[in-house]
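A.B. asks: First the structure, which I've put down as structure tokens, then a few questions once you've had a look.
Protein chains: 2
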Amino acid sequence: MNFDPEKIMQSAPGPYTMIGGRRYLYFMGTGYLGLHGHPEILKAACEGMMKYGMGSATSRRAFGNSQPILDVEAKAAQFFGKEDSFYFMTGYLSNSVIVQALDGTFDLAVADESAHYSAYDAVHLSGRPVYKFISRDPASLDAVLREQCTEGKRPLVITDGVFPVLGALAPLREYYEVLKNYPGSAMVIDDAHALGAVGPTGRGSVEQSGLPWETVNTNVQPDNGPRLFVAGTLSKAFGGFGGIVPGSKDFISHIHEVSPYFRAANPVSPGVAAGCARALELVMENPGMITQLHDNTRFVRTGLRELGIEVADTPVPIVCVVLETVEMMKKVQADLMKKGILIAYNPKYSDLGPKGGIRIAVFANHTQDMMVQLLEGFARAMKN
Amino acid sequence: MNFDPEKIMQSAPGPYTMIGGRRYLYFMGTGYLGLHGHPEILKAACEGMMKYGMGSATSRRAFGNSQPILDVEAKAAQFFGKEDSFYFMTGYLSNSVIVQALDGTFDLAVADESAHYSAYDAVHLSGRPVYKFISRDPASLDAVLREQCTEGKRPLVITDGVFPVLGALAPLREYYEVLKNYPGSAMVIDDAHALGAVGPTGRGSVEQSGLPWETVNTNVQPDNGPRLFVAGTLSKAFGGFGGIVPGSKDFISHIHEVSPYFRAANPVSPGVAAGCARALELVMENPGMITQLHDNTRFVRTGLRELGIEVADTPVPIVCVVLETVEMMKKVQADLMKKGILIAYNPKYSDLGPKGGIRIAVFANHTQDMMVQLLEGFARAMKN
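Protein sequences, first through last, are from chains A and B.
My numbering puts the first residue of the first sequence at 1, with every later residue one more than the last.
My numbering puts the first residue of the second sequence at 1, with every later residue one more than the last.
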């Protein structure tokens, strides 16, 4: 198909990104730690590619395991403070990995109406009834559960931890309280946009919300509260590619037994895996990256607020700005683009209102000067 | 997790493959053209990786298109004689891409009982009723359709084109005849093991069966026969990674509109894409590869038959051998392994009988000497 040549990406995404022949100051996408073009990661990826080839061409049941895949799983386990992890071909299937592993332990699914497509795919695939609740509304969740969880039916609640355009955190604590009333309940959090980016040590929205991390992705049923599960990806903050589910040894072994992605699919291309293993090491060697991302996020949010723009007060590096009119948002986006600064205006997205919204992605390696350019561009565009 | 170190793959899969510290003559996996470690492919992959980074960290709706992805799509279109194609993160989702694109055009799904997990995922996800028919049995398909397709209900039939362990071809012509009785019917063929390997020019089981290729993956409804759809992968014969669906311009545009894998997922890692683009070029520059694969397949099948072993007479590079007893098959596998030759004994697989079977994968770059070693090893193991 012919895509607009002015929109073709010509470099790794990063603070500066080549698009359509032009070098842009880039505040888009999901590479929150700014790692997708990191030379050490790319070097590791190439070395892995040269040694192990394009793929194993067989599943992991037999000879399809290679060291880069195992390295990613070991290092992700270390980063997340879990015993093991499962690394697979795409983050899109992360929710499915978990929901498949929970088969037989829930009777119905209840999903945030704005949850990601992949969350809906995962629960629809389970064959259980699927209900929706109003996005980020614990009272709505409560009402749906009251109505549907008759006769001790065990609900599986699924939600994004961080919504991809709005950047809002799901009210996980409130959901947790609601779910205490439903024995055997489970909460599955698609934390694609939060892992590596949100929470004091980058463990995502569960860490941010103060819920117990220890029982996440285990076979343990807490005495007083729902089971917690987190689905992740290495394609966003971590600068890599592929889905990741860290968890207890038992839980990961169970996934190996039941997941067709383990038994009947190729593992990730080994060069990509080698790059991801190095990326996870880099993040662990430099925990300051995550702190810097939080500082940058605060800087941009504060700066926008000083311009009189209403911005939510969250530590999420996705900053959503809804201005008075659609025209105003389009103008700001276009003006900034002319000045070589890219932000997104999304006219429509599941988690946005009727006007849509501007989405600004903050990276750990955006410098203060870059962020000042963004804020000044914003100020100029809104004045004219 | 701790995997058996003797089973860890330490090189690209190819005629010789390093596993657990030992170099094996390798007749396993799915790399039928022997390309996963081809130096030109790996060079292209590394160059792509260095230029475009680990991933676009954004979907293809906005700036997530890069030249390597577009190159793969153009070259796959060329190889398959189609106007366009859609390249996405994993072949596992290939059936889903097609079934999603057909939403609203079928009322129920009928699947070969031994079809791949991913075929079942695709039809279950559609939310339509799913029925099974006896594997490779047109009469069983006919019976199920007669029973279920009341009131003009339009069936979608889904099957593997080539079964992964048995190596059998689905009787597509017979299905096609059956489906002529059902207006609006569709047949979806998971041709993962056949594309690039089976058929005079490598277009897979549709080409092999002599069914009309022109209407495959188009929006055209043939006057007299079902619509035909083929789901593919670049991870097997083509020596690459990721799912591929070639098709008409209209059909691919429709996929762009409806597929969440286009709109809400990262495209394939660009280095991997660059490698795949080179792989497709190589196959087109050297059509002799495919002929060689067919010759090698005939050589191995004939050789086994000369040893008194019953082997199906098909051009599929997956040779399945079922010996008298499980013990005998285990012994042959173990004896060959001791001699440094790897074949698989699968005790259990959806397309196999109760004894399981030996699976031999033939590659285009297995030399005659290598195949003779395999056959001699077989002869020795069966004698002792």
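Just so you know, even glycine gets a beta-carbon here, dropped at the ideal spot from N, CA and C.
#1: Alpha carbon to alpha carbon, how far is residue 152(A) from residue 277(A)? Give it in angstroms, no decimals.
#2: Determine the DSSP secondary structure at residue 75(B), reduced to helix, strand or coil.
#3: With 16 other CB atoms within 10 Å as the buried threshold, where does residue 13(B) fall?
#4: Within 10 angstroms of the Cβ of residue 372(A), are there 16 or more other Cβ atoms? Answer buried if so, exposed if not.
#5: Identify every run of the alpha helix (DSSP H) within the region 170-221 of chain B, keeping only runs that are complete inside it and at least 4 residues long; order them along the chain.
#6: Taking any Cβ of chain B, which residues in the region 258-282 of chain A have a Cβ under 7 Å from it, in chain order?
#7: At a CB distance below 7 Å, what residues from the region 325-347 of chain A approach chain B? Give them in sequence order.
#8: Apply the 10 Å Cβ neighbour rule to residue 302(A) and answer buried if 16 or more other Cβ atoms are within range, or exposed otherwise.
#9: Who are the Cβ neighbours of residue 342(B) in its own chain at under 8 Å, not counting the five residues just before and after it?
#10: Determine whether the Cβ of residue 124(B) lies closer than 7 Å to any Cβ atom of chain A.
#11: State the DSSP-derived secondary structure class of residue 94(A), mapped to helix, strand or coil.
#12: Check distances from the C-beta atoms of the region 114-138 of chain B to those of chain A and list, in chain order, the residues that come in under 8 Å.
#13: In the DSSP output, what is residue 132(A) paired with across the bridge?
#14: Report the rounded CA-to-CA distance for residue 270(B) versus residue 270(A), giving the unit in angstroms.
#15: Using 8 Å for Cβ pairs, my map puts residue 279(A) next to residue 48(A). What's the rounded Cβ distance?
#16: Taking 7 Å as the threshold (beta carbon to beta carbon), is residue 46(A) in contact with chain B?
#17: Could you give the distance in angstroms between the alpha-carbon of residue 201(B) and the alpha-carbon of residue 215(B)?
#18: I'd like the list of long-range same chain contacts for residue 350(B), defined as Cβ closer than 6 Å, with 5 residues on each side in sequence excluded.
#19: Is there a C-beta anywhere in chain B that falls below 7 Å from the one on residue 65(A)?
#20: For residue 54(A), decide whether its Cβ has a neighbour in chain D, counting only Cβ atoms nearer than 7 Å.
#21: Can you check whether the C-beta of residue 42(A) is within less than 7 Å of a C-beta belonging to chain B?
#22: Can you name the residues of chain A whose CB is closer than 7 Å to the CB of residue 36(B)?
#23: Could you check the C-alpha separation between residue 45(A) and residue 54(B) for me, to the nearest Å?
#24: Using 7 Å as the threshold, is the C-beta distance between residue 91(B) and residue 192(B) below it?
#25: May I ask which residues mark the beginning and end of the alpha helix (DSSP H) holding residue 465(A)?
#26: Could you tell me whether the region 83-101 of chain A touches the region 161-178 of chain A, where touching means 3 or more Cβ pairs closer than 8 Å?
#27: Could you spell out where the beta strand (DSSP E) holding residue 296(B) opens and where it closes?
#28: Can you confirm whether residue 19(A), when its beta carbon is compared against all beta carbons of chain B, has any partner nearer than 7 Å?
#29: Strictly by DSSP, which residues pair up with residue 318(B)?
#30: Pull out every residue of the region 227-241 of chain A whose Cβ sits closer than 8 Å to any Cβ of chain B, in chain order.
#31: Suppose contacts are defined by Cβ-Cβ distances below 7 Å. Is residue 194(B) in contact with residue 158(B) by that definition?
#32: Inspect the CB distances between the region 311-330 of chain B and the region 348-364 of chain B and report whether three or more fall short of 8 Å.
#33: Against residue 7(B), what residues of chain A qualify as contacts under a CB-to-CB distance less than 8 Å, listed in chain order?
#34: Between residue 13(A) and chain B, is the shortest Cβ-Cβ distance under 7 Å, so that the two count as touching?
#35: Put residue 28(B) into one of helix, strand or coil per three-state DSSP.
#36: Given this structure, state the Cα-to-Cα distance separating residue 40(B) from residue 268(A), to the nearest angstrom.
C.D. replies: Here's the rundown:
#1: As a first step, residue 277(A) must be located in the first sequence, where it is residue number 277. As a first step, residue 152(A) must be located in the first sequence, where it is residue number 152. Their Cα atoms are separated by approximately 43 Å.
#2: Locating residue 75(B) in the second sequence gives position 75, where the first residue counts as 1. When secondary structure is reduced to three states using DSSP, residue 75(B) falls in the helix class.
#3: Counting from one through the second sequence, the residue named residue 13(B) turns up at place 13. Counting Cβ neighbours within 10 Å, residue 13(B) comes out buried, since at least 16 surround it.
#4: For the purposes of this step, residue 372(A) is taken as residue 372 along the first sequence, with counting starting at 1. Residue 372(A) comes out exposed.
#5: DSSP runs (the alpha helix (DSSP H)) wholly in the region 170-221 of chain B: 172-179 and 205-209.
#6: 260, 261, 264, 265, 266, 269, 271, 272 and 275
#7: Residues 344.
#8: As a working mapping, residue 302(A) is identified with position 302 in the first sequence. The residue in question, residue 302(A), is exposed, as its Cβ has fewer than 16 Cβ neighbours within 10 Å.
#9: For the purposes of this step, residue 342(B) is identified with residue 342 of the second sequence, where counting begins at 1. For residue 342(B), where only same-chain residues beyond five positions count, the Cβ hits under 8 Å are 17, 19, 24, 25, 26, 27, 28 and 336.
#10: Translated into positions along the second sequence, residue 124(B) becomes position 124. Yes, contact with chain A.
#11: As a working note, residue 94(A) is residue 94 in the first sequence. Three-state DSSP puts residue 94(A) in a helix.
#12: 116, 117, 118, 121, 124, 125 and 127
#13: On the first sequence, position 132 is the one that residue 132(A) refers to. 111(A).
#14: As a first step, residue 270(B) must be located in the second sequence, where it is residue number 270. As a first step, residue 270(A) must be located in the first sequence, where it is residue number 270. Cα-Cα distance, rounded: 14 Å.
#15: Position 279 of the first sequence, counted from the first residue, corresponds to residue 279(A). Position 48 of the first sequence, counted from the first residue, corresponds to residue 48(A). Not a contact, Cβ separation roughly 12 Å.
#16: What you label residue 46(A) is simply residue 46 of the first sequence in a count that begins at 1. Yes, residue 46(A) counts as interfacial toward chain B.
#17: In the second sequence, the residue the question calls residue 201(B) occupies position 201. In the second sequence, the residue the question calls residue 215(B) occupies position 215. CA-CA distance, residue 201(B) to residue 215(B), rounds to 17 Å.
#18: The count along the second sequence starts at 1 and reaches residue 350(B) at position 350. Excluding positions up to five away in sequence, the list reads 114.
#19: Position 65 of the first sequence, counted from the first residue, corresponds to residue 65(A). Answer yes: the Cβ-Cβ gap between residue 65(A) and chain B drops below 7 Å somewhere.
#20: The structure shown contains no chain D; its protein chains are A and B.
#21: Here residue 42(A) refers to the residue found at position 42 when the first sequence is read from its first residue. Yes, because at least one Cβ of chain B sits closer than 7 Å to the Cβ of residue 42(A).
#22: On the second sequence, residue 36(B) is found 36 positions in, with the first residue counted as 1. Result: 53, 54, 55 and 57.
#23: Within the first sequence, the letter at position 45 stands for residue 45(A). Within the second sequence, the letter at position 54 stands for residue 54(B). Their backbone Cα atoms lie some 8 Å apart in a straight line.
#24: Position 91 of the second sequence holds residue 91(B). Position 192 of the second sequence holds residue 192(B). Yes, these two residues count as a Cβ contact at 7 Å.
#25: No answer is possible for residue 465(A): it lies beyond the span of chain A, which begins at 1 and ends at 384.
#26: no
#27: Residue mapping note: residue 296(B) aligns to position 296 of the second sequence, counting from 1. No beta strand (DSSP E) holds residue 296(B); the alpha helix (DSSP H) holding it covers 288-306.
#28: The residue labelled residue 19(A) in the question sits at position 19 within the first sequence. It does; some Cβ of chain B falls within 7 Å.
#29: If you number the second sequence from 1, residue 318(B) lands on position 318. Residue 318(B) is bridged to 361(B).
#30: 235, 236, 239, 240 and 241
#31: Within the second sequence, residue 194(B) is the residue found at index 194, counting from 1. Within the second sequence, residue 158(B) is the residue found at index 158, counting from 1. No, these two residues do not count as a Cβ contact at 7 Å.
#32: yes
#33: Translated into positions along the second sequence, residue 7(B) becomes position 7. What residue 7(B) touches in chain A: 62, 63 and 65.
#34: Within the first sequence, residue 13(A) is the residue found at index 13, counting from 1. Closer than 7 Å: yes.
#35: By one-based count along the second sequence, residue 28(B) stands at place 28. For residue 28(B), the secondary structure class from DSSP, reduced to helix, strand or coil, is coil.
#36: Taking the second sequence and counting its residues from 1, the one referred to as residue 40(B) is at position 40. Taking the first sequence and counting its residues from 1, the one referred to as residue 268(A) is at position 268. For residue 40(B) and residue 268(A), the distance between alpha carbons rounds to 20 Å.
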